[in-house]
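To start, the structure itself, in structure tokens.
Numbering (the working numbering), first residue to last: 305 to 538.
Listed below in structure tokens is the structure:
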């Protein structure tokens, strides 16, 4: 099953909003109140909610007046997305979760190669969302409980161009340096980590981790799209 948007894609989608309300951050498991617009706090500039908002502002500013230019230059679009997003992702942690049990037997070199190939494949496919969601809007769901602990969820509703709304929850954790970084996203109840872990595990069982890395490098996420034939052959 292919999820509608990846972690990168979800953040890219949110970044396309013309108007961004404050994204309230909810501790994991906390109850939230109905959607409402809130005023951003002046302090704690690097909380998860403000990170999402900052990404939206930076990408929105970069795209303003240059959409047609970026539509004609995909490498430049990918470069923009990577520049803005890379410092806010906990790539290494996310990749370990995606690999699941296979991370225990993989070498550091294999994990690094998979991380690079997987991340590049995500950017290559979903950077195009930057030009597709220009009319998107984000509705914020304020949290009742204060932000505590090493993990948090930034809850949002994204209004797409067709008028439909998608529930997008960004899952953050504090890295060893105490900085908040996103490592998972749940879109309409579908976890990026869980979805890709299933697909990655299936591929590794058939062609091995090195085989999957090579396919990601040459085919991108299309490696997951082709239906399998009996015996694991595609």
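Even for Gly, the Cβ is constructed at its ideal location relative to N, Cα and C.
{"Query": "Between the CA atoms of residue 405 and residue 504 - distance to the nearest angstrom", "Result": "11 Å"}
{"Query": "C-alpha gap between residue 367 and residue 409, whole angstroms", "Result": "42 Å"}
{"Query": "According to DSSP, residues forming a beta bridge with residue 494", "Result": "491"}
{"Query": "Simplified DSSP assignment, three categories, for residue 510", "Result": "helix"}
{"Query": "Cutoff 8 Å: residue 489 Cβ touching any chain D Cβ", "Result": "Judged by its chain identifiers, the structure shown contains no chain D, having just a single protein chain."}
{"Query": "Length of the line joining the Cα atoms of residue 422 and residue 461", "Result": "27 Å"}
{"Query": "contact_flag[the segment 498-514, the segment 472-479] where n(CB pairs < 8 Å) is 3 or more", "Result": "no"}
{"Query": "Residue 468, DSSP secondary structure in three states", "Result": "coil"}
{"Query": "Rounded C-alpha distance that separates residue 357 from residue 507", "Result": "36 Å"}
{"Query": "Distance between residue 458 and residue 522 (C-alpha atoms, nearest Å)", "Result": "34 Å"}
{"Query": "CA-to-CA distance, residue 494 to residue 514, given in whole angstroms", "Result": "27 Å"}
{"Query": "Check whether residue 400 and residue 484 have beta carbons under 8 Å apart", "Result": "no"}
{"Query": "Cβ pair residue 486, residue 392 closer than 8 Å", "Result": "yes"}
{"Query": "Cβ separation of residue 429 and residue 524, assumed to be a contact under 8 Å, to the nearest whole Å", "Result": "6 Å"}
{"Query": "With 16 other Cβ atoms within 10 Å as the buried cut-off, status of residue 509", "Result": "exposed"}
{"Query": "Residue 365, enclosing alpha helix (DSSP H) - first and last residue", "Result": "352-367"}
{"Query": "Where residue 416 falls, given that 16 or more other Cβ within 10 Å makes a residue buried", "Result": "exposed"}
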